[in-house]
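Scroll down for the structure; my scribbles are underneath it.
Number of protein chains: 2
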Amino acid sequence: MVRMNSVNVGAGDVSSVAPLQRTALHDTLVNHLRDMIIEGNLAPGSRIHEGHLGEQLGVSRTPLREAIKYLASEGLVELVPSRGAVVKRFSPKDVEDMLTVLQSMEELAGRLACEVGSAEEIAHVRALHDEMLDKYRSGDRLNYYKLNQAIHTAIVQMAHNATLSNMHTTLQTRLKRIRFVGHEGPEKWAAAVAEHEEMIVALEQRNKPALSEALGRHLKNAWERVKDGV
Amino acid sequence: MVRMNSVNVGAGDVSSVAPLQRTALHDTLVNHLRDMIIEGNLAPGSRIHEGHLGEQLGVSRTPLREAIKYLASEGLVELVPSRGAVVKRFSPKDVEDMLTVLQSMEELAGRLACEVGSAEEIAHVRALHDEMLDKYRSGDRLNYYKLNQAIHTAIVQMAHNATLSNMHTTLQTRLKRIRFVGHEGPEKWAAAVAEHEEMIVALEQRNKPALSEALGRHLKNAWERVKDGV
DNA sequence: ATGGAATATTCTGCATACAGCATGCAGTGC
DNA sequence: GCACTGCATGCTGTATGCAGAATATTCCAT
Numbered sequence: 001m002v003r004m005n006s007v008n009v010g011a012g013d014v015s016s017v018a019p020l021q022r023t024a025l026h027d028t029l030v031n032h033l034r035d036m037i038i039e040g041n042l043a044p045g046s047r048i049h050e051g052h053l054g055e056q057l058g059v060s061r062t063p064l065r066e067a068i069k070y071l072a073s074e075g076l077v078e079l080v081p082s083r084g085a086v087v088k089r090f091s092p093k094d095v096e097d098m099l100t101v102l103q104s105m106e107e108l109a110g111r112l113a114c115e116v117g118s119a120e121e122i123a124h125v126r127a128l129h130d131e132m133l134d135k136y137r138s139g140d141r142l143n144y145y146k147l148n149q150a151i152h153t154a155i156v157q158m159a160h161n162a163t164l165s166n167m168h169t170t171l172q173t174r175l176k177r178i179r180f181v182g183h184e185g186p187e188k189w190a191a192a193v194a195e196h197e198e199m200i201v202a203l204e205q206r207n208k209p210a211l212s213e214a215l216g217r218h219l220k221n222a223w224e225r226v227k228d229g230v
Numbered sequence: 001m002v003r004m005n006s007v008n009v010g011a012g013d014v015s016s017v018a019p020l021q022r023t024a025l026h027d028t029l030v031n032h033l034r035d036m037i038i039e040g041n042l043a044p045g046s047r048i049h050e051g052h053l054g055e056q057l058g059v060s061r062t063p064l065r066e067a068i069k070y071l072a073s074e075g076l077v078e079l080v081p082s083r084g085a086v087v088k089r090f091s092p093k094d095v096e097d098m099l100t101v102l103q104s105m106e107e108l109a110g111r112l113a114c115e116v117g118s119a120e121e122i123a124h125v126r127a128l129h130d131e132m133l134d135k136y137r138s139g140d141r142l143n144y145y146k147l148n149q150a151i152h153t154a155i156v157q158m159a160h161n162a163t164l165s166n167m168h169t170t171l172q173t174r175l176k177r178i179r180f181v182g183h184e185g186p187e188k189w190a191a192a193v194a195e196h197e198e199m200i201v202a203l204e205q206r207n208k209p210a211l212s213e214a215l216g217r218h219l220k221n222a223w224e225r226v227k228d229g230v
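If you read the sequences in order, they're chains A and B. 230 is the number that UniProt numbering gives the last residue of the first sequence; the numbers go up by one with no jumps. 230 is the number that UniProt numbering gives the last residue of the second sequence; the numbers go up by one with no jumps.
Structure follows, in structure tokens:
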């Protein structure tokens with residue numbers, strides 16, 4: 001759940017020289033595997049073959065295994081003793097459960113954001129929103145989707161609560177696999193955009209209950225909209 | 001965050017022979033290290049020396065490293081590239097953040113428990129509560145504490161939401177290190193017990209808002225009570 | 001032909017070995 | 001006397017090797 005810190009160890013930092021980003025192999029693998037799972041390259045329910053996968057990626061089994069353990073804790077894979085790791089398969093009930101928690105988190109984040117978010121942060125979210133509207137108008141679904149996610153993430157970030165951010169990210173990641181399926185029709189899409197507009201307004205007014213309620217409703221509706229596609 | 005399943009793989013399960021509990025070393029280590037961290041055997045901020053620790057526990061570095069990666073994802077340790085793992089140190093702000101999220105989760109759990117909890121489950125919680133009262137009256141702090149935790153866990157369990165349970169457990173574990181410090185005085189202790197009584201009543205009446213509110217207030221107060229001790 | 005047992009194979013789990021990076025210390029130049 | 005460089009040491013990160021479990025295969029019996 002907590003993303004690993006790629007701490008930059010600049011011994012004697014000279015003025016403003018950017019310290020180079022060091023990355024351990026197992027860390028890289030965590031991200032790579034996560035992407036593979038989300039994008040479906042590693043199908044749910046399928047076993048992860050350390051030997052093959054390692055060879056395919058050009059790494060030995062050790063860092064690969066370490067990455068798998070990390071993802072197991074994140075809930076993306078399941079560890080079966082003596083049989084290795086399996087990409088976790090989520091039942092509809094699992095997904096509903098996650099959404100319930102995610103909704104609760106976003107509602108909390110909304111309230112906190114209204115309290116402690118800075119004017120700059122709010123402006124930033126507004127900017128993202130406007131950009132998203134552009135993508136909506138031009139029918140650019142992929143970038144619409146990305147900005148959509150970015151907005152939700154930004155609002156959670158505004159709560160300035162590290163634990164909340166981490167857990168939200170974890171859930172959002174798990175659900176990405178599901179949500180990506182959601183290619184809703186024009187009218188549903190319009191409804192989603194309208195909800196976003198509501199959210200932004202509530203945020204700009206720092207209207208806690210309104211934002212919280214809008215976020216909750218938005219998520220609930222988002223699920224209703226894509227439900228059939230799962 | 002998700003506890004590893006120690007799945008019992010009985011190849012050819014004969015009638016009702018208890019399948020032997022297979023446990024992988026890295027899994028065992030996860031639990032062991034977690035306990036060590038919670039109990040303070042591994043001090044916050046201290047580096048984890050793979051060589052020494054492994055020798056001390058009688059295991060090689062490989063499963064130890066795997067366990068560390070798992071705990072890193074859980075947020076109990078931090079991975080520093082090329083310098084290994086460090087037991088995470090939580091700032092007061094971190095603790096407050098965790099409690100904010102924990103509170104939100106318990107409130108949610110309370111609402112769900114009122115909805116979907118069975119009568120048996122409610123009776124079970126009541127039993128735990130009565131037992132806890134016994135410990136309170138006899139001044140048995142340790143068992144009081146354990147039952148206290150058990151009650152909160154049981155209520156969350158009643159929500160029948162796996163994700164919520166897992167995340168709640170993760171947070172509760174992280175905070176255990178902190179909460180254990182809480183040796184409050186008699187009057188504060190009495191207040192905590194009173195709050196619990198309130199919770200049970202609300203649960204038995206399936207009074208959603210009341211239970212949710214009581215849980216939230218209880219946690220907030222619990223924090224106020226032990227705050228100074230941190 | 002089919003079910004089952006014995007065997008062969010494959011894969012996981014753990015240990016060990018090796019390479020590279022971090023850190024502390026001594027030595028040298030200013 | 002101070003700072004910087006270069007070396008030595010220790011630890012992390014990765015690869016490989018080996019033992020045991022799980023699974024696939026084959027062969028025999030019915």
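Beta carbons: idealized from backbone N, C-alpha and C, even for Gly.
Interface residues of chain B facing residue 26 of chain A [CB-CB closer than 8 Å]: For the purposes of this step, residue 26 of chain A is taken as the residue at position 26 of the first sequence. Under the 8 Å cutoff, chain B gives 69.
Within-8 Å CB hit, residue 138 of chain B to chain A: Here the question's residue 138 of chain B lines up with position 138 in the second sequence. So no, residue 138 of chain B is outside the interface.
Residue from B/185, B/219, B/227, B/226 whose Cα sits closest to the Cα of residue 100 of chain B: Counting from one through the second sequence, the residue named residue 100 of chain B turns up at place 100. Of the candidates B/185, B/219, B/227, B/226, the one whose C-alpha sits nearest the C-alpha of residue 100 of chain B is B/219.
CB contact flag (residue 207 of chain A, residue 114 of chain A, <8 Å): The residue given as residue 207 of chain A occupies position 207 in the first sequence. The residue given as residue 114 of chain A occupies position 114 in the first sequence. Their beta carbons are under 8 Å apart, which means residue 207 of chain A touches residue 114 of chain A by this criterion.
Neighbour list for residue 94 of chain B in chain A, Cβ cutoff strictly below 9 Å: Counted from its first residue, the second sequence places residue 94 of chain B at position 94. Those within 9 Å of residue 94 of chain B in chain A are 162, 163.
For residue 67 of chain A and residue 33 of chain A, believed in contact at Cβ under 8 Å, the rounded distance: Counting from one through the first sequence, the residue named residue 33 of chain A turns up at place 33. Counting from one through the first sequence, the residue named residue 67 of chain A turns up at place 67. Between residue 67 of chain A and residue 33 of chain A the Cβ distance is about 6 Å, and since that is below 8 Å, they are a contact.
8 Å Cβ cutoff, residue 74 of chain B in contact with chain A: Within the second sequence, residue 74 of chain B is the residue found at index 74, counting from 1. Closer than 8 Å: yes.
Expected contact under 8 Å - CB spacing of residue 108 of chain A and residue 165 of chain B to nearest Å: Taking the first residue of the first sequence as position 1, residue 108 of chain A is located at position 108. Taking the first residue of the second sequence as position 1, residue 165 of chain B is located at position 165. 18 Å between Cβ atoms; not a contact.
Cβ-based contacts, 8 Å cut-off: residues of the region 199-230 of chain B near chain A: none
Pairwise C-alpha distance: residue 92 of chain A and residue 91 of chain B: By 1-based counting over the second sequence, the position of residue 91 of chain B is 91. By 1-based counting over the first sequence, the position of residue 92 of chain A is 92. For residue 91 of chain B and residue 92 of chain A, the distance between alpha carbons rounds to 38 Å.
The region 123-140 of chain B / the region 190-210 of chain B touching (three or more Cβ pairs under 8 Å): yes
Sequence-distant residues of the same chain with beta carbon closer than 6 Å to residue 110 of chain A, five excluded per side: As a position in the first sequence, residue 110 of chain A is number 110, starting the count at 1. For residue 110 of chain A, where only same-chain residues beyond five positions count, the Cβ hits under 6 Å are 211, 212, 215.
Where residue 130 of chain B falls, given that 16 or more other Cβ within 10 Å makes a residue buried: Along the second sequence, read from residue 1 onward, the residue named residue 130 of chain B stands at position 130. Label assigned to residue 130 of chain B: exposed.
Neighbour-count burial assignment, residue 102 of chain B, 16 or more Cβ in a 10 Å radius: For this step, residue 102 of chain B is matched to residue 102 along the second sequence. By the neighbour-count rule (16 or more Cβ atoms within 10 Å), residue 102 of chain B is buried.
DSSP state of residue 3 of chain B mapped onto helix, strand, coil: Translated into the one-based positions of the second sequence, residue 3 of chain B becomes position 3. Note that residue 3 of chain B scores a pLDDT of 44, beneath 50, so its modelled location is shaky; the value from the coordinates is reported in the next line. It is coil, neither helix nor strand.
Alpha carbon of residue 184 of chain A to alpha carbon of residue 226 of chain A, nearest angstrom: Within the first sequence, residue 184 of chain A is the residue found at index 184, counting from 1. Within the first sequence, residue 226 of chain A is the residue found at index 226, counting from 1. Taking the straight line joining both Cα atoms gives about 7 Å.
Cβ-Cβ distance between residue 192 of chain B and residue 222 of chain B below 8 Å: Taking the second sequence and counting its residues from 1, the one referred to as residue 192 of chain B is at position 192. Taking the second sequence and counting its residues from 1, the one referred to as residue 222 of chain B is at position 222. For residue 192 of chain B and residue 222 of chain B, yes; Cβs fall inside 8 Å.
Contacting positions in the region 39-64 of chain A - beta carbon closer than 8 Å to chain B: 62
For residue 194 of chain A, three-class secondary structure by DSSP: What you label residue 194 of chain A is simply residue 194 of the first sequence in a count that begins at 1. Three-state DSSP puts residue 194 of chain A in a helix.
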